[in-house]
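In my numbering, the protein residues as written are 24 to 573.
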């Protein structure tokens, strides 16, 4: 099936650029409210775009050119979004960086992005200086507070954001960009190693925005609540930019708070938002009230809705969950339908007009039939709708593009109706006595224990080639013991899924997007604090014998 551009909000592919959308809205809806900062101020489309055009002029004045990288090292603020749009209006690349980074991780992303200028704020300045000092004359635009006093030990050249906004707006015809030109660098969350820099073209970010519009029916009358960080595709492109393309209004919150989430929804008459699984669980854990469904929020994009909640969350809060699956590199090729019922546990069907999505054997690359678990692979049907490359990492780029397919590293299966079900990350599979074990199944069994709050299962070397022992890391209530947890699991897991090691922890290491850093748990190995079933003299045979009904 060939792509039909007439069905899309932006129409012909040549229109798929950020400057095109901005120019359109500045002329059509300049007085409509675009964005409101929680506990901050509000800007119309005209005000927002006008400030971005002035900032773009200032960037050009200090030497930023088409193709240069503009690092944005800020919290989720309107000023940070001025930086994003200003960079794109110049044809420069928006390199948004997690504002919580510091030390070596920050140094890594900055040295990878190689910015021509950095937009930052007072709160982030010390971390920036510590991680990226020694570069003579790098321009830094401070979005808040006074400029620092001259200091010979600091090599940055500081500029005032307020002064930058005094520049005359950039002429619309000064720079020409196409949908195939790079416009953004997004860093992966680094669950399997150092963050990779995904170089995205205008066409890809426009595809993300239009996927949201098509699958959620986002429109100009909507109010979108964005609590995701702006260095993530969910916040920047599925939240802010999708709303921008649709002509909708957006409420920007710097961080997610389960205790105030519903209050914010009511205060701003929010109609649509996006959340991930842990957010949904935290919201659902809030005390019930008679007014849980007394609001205007009717659509919630979810990635995913926890299986343990099913439709209960939707029924409690009176909304429709829309699940999707995707990655920074490839947009979101799979979605569930806003209409009808949603298959529990499924991330939806493929958008086959725009993408080929298949399940393959990870060892041979051969396609697998429905019902068989393999690796999800994807390829676009139109150029410019997936990433260009991993920036400065040709080896990693070639590794994921094999046999003319992008290899996602996600283990999944497909049913006879075309619904896809994510099982695990391939690298999270545990190989035990020739059995491929899903860490997800072990974790779900552990999380069903009322005294366990968090769980992550990883494989650690067993001493035999290509074979793992299972280490289960848990955050549990006071008084819980590894022995009791193991006995509980014996009622719920087959013997080959039973952990040998249990690690009681105060917390699990997580990325900025709340994914567990399983690589860190694997590499930490077995320590003196790790409980060992075999060393404790507990035999699985005895456990299962005692677990059998009398």
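The beta-carbon is built from N, C-alpha and C at its ideal position, and this holds for glycine as well.
Neighbourhood of residue i by C-beta, 6 Å cutoff - its chain only, sequence neighbours within 5 removed
i           : result
residue 420 : 412 and 413
residue 373 : 356, 357 and 380
residue 476 : 498
residue 304 : 329
residue 405 : 26
residue 316 : 340 and 341
residue 136 : 92, 94, 118 and 208
residue 250 : 276 and 279
residue 463 : 447
Distance, residue j Cα to residue i Cα
i           : j           : result
residue 555 : residue 468 : 19 Å
residue 272 : residue 393 : 41 Å
residue 572 : residue 514 : Note that residue 572 scores a pLDDT of 47, beneath 50, so its modelled location is shaky and nothing firm can be said.
residue 501 : residue 296 : 36 Å
residue 306 : residue 326 : 15 Å
residue 187 : residue 116 : 19 Å
residue 559 : residue 165 : 58 Å
residue 182 : residue 260 : 28 Å
residue 354 : residue 452 : 24 Å
residue 134 : residue 527 : 36 Å
residue 308 : residue 113 : 45 Å
residue 149 : residue 337 : 43 Å
residue 484 : residue 517 : 20 Å
residue 564 : residue 521 : 11 Å
residue 441 : residue 370 : 11 Å
residue 199 : residue 225 : 12 Å
residue 290 : residue 258 : 20 Å
residue 426 : residue 446 : 23 Å
residue 318 : residue 376 : 35 Å
residue 473 : residue 508 : 11 Å
residue 359 : residue 443 : 10 Å
residue 155 : residue 368 : 43 Å
residue 550 : residue 525 : 11 Å
residue 96  : residue 566 : 52 Å
residue 645 : residue 49  : Because residue 645 is not part of the residues shown, which for the chain are 24 to 573, the question remains open.
residue 504 : residue 331 : 24 Å
Reference residue i, options the options, closest by Cα
i           : options               : result
residue 311 : 415, 335 and 523      : 335
residue 487 : 502, 551, 454 and 343 : 454
residue 587 : 316, 45 and 68        : This structure does not reach residue 587, given that the chain is present from 24 up to 573, and the question cannot be answered.
residue 552 : 515, 284 and 495      : 495
residue 397 : 387, 436 and 369      : 436
residue 275 : 174, 104 and 122      : 104
residue 545 : 567, 479, 441 and 505 : 479
residue 363 : 447, 120, 238 and 269 : 238
residue 300 : 281, 290, 402 and 294 : 281
residue 53  : 234, 270 and 171      : 270
residue 341 : 288, 153 and 375      : 288
residue 449 : 506, 383 and 474      : 383
residue 320 : 293, 314, 333 and 176 : 293
residue 378 : 349, 120 and 390      : 349
residue 351 : 529, 230 and 50       : 230
residue 386 : 432, 359, 548 and 368 : 432
residue 322 : 286, 332, 246 and 283 : 246
residue 313 : 285, 302 and 331      : 285
residue 233 : 408, 543, 506 and 56  : 408
residue 253 : 236, 235 and 123      : 123
residue 125 : 98, 153 and 465       : 153
is_contact[residue i, chain C] using C-beta, thresh 8 Å
i           : result
residue 295 : Structure shown: chain C not included; a single protein chain is present.
7 Å CB neighbourhood of residue i in its chain, flanking five on each side removed
i           : result
residue 192 : 73, 76, 77 and 80
residue 430 : 398, 400 and 423
residue 184 : 102, 164, 165 and 166
residue 512 : 468, 469 and 521
residue 537 : 299 and 301
Sequence-distant residues of its chain with Cβ nearer than 8 Å to residue i (five each side left out)
i           : result
residue 101 : 58, 60, 63, 64, 66, 71 and 275
residue 131 : 217 and 218
residue 145 : 165, 167 and 168
residue 557 : 523
residue 343 : 321, 322, 323, 337 and 361
Contact test: residue i Cβ vs the ligand SAM heavy atom, cutoff 7 Å
i           : result
residue 485 : Absent from the structure shown: the ligand SAM. Ligands present: none.
Could you tell me which whole beta strand (DSSP E) segments of length 3 or greater appear in the segment 429-467?
Correct list: 443-448, 453-455 and 458-460.
Using 8 Å as the threshold, is the segment 90-102 in touch with the segment 137-146, meaning 3 or more CB pairs across them?
yes
Which ranges would you report for the alpha helix (DSSP H) in the segment 348-387 if only whole runs of at least 4 residues count?
none
Only counting runs of 4 or more residues, tell me where the alpha helix (DSSP H) segments fall wholly within the segment 260-331, in order along the chain.
265-269, 281-290 and 300-307
List in chain order: all unbroken alpha helix (DSSP H) runs of 4+ residues lying wholly within the segment 214-264.
225-239
Which runs of the alpha helix (DSSP H) at least 4 residues long sit entirely within the segment 88-162? Give them in chain order.
101-112, 126-136 and 145-155
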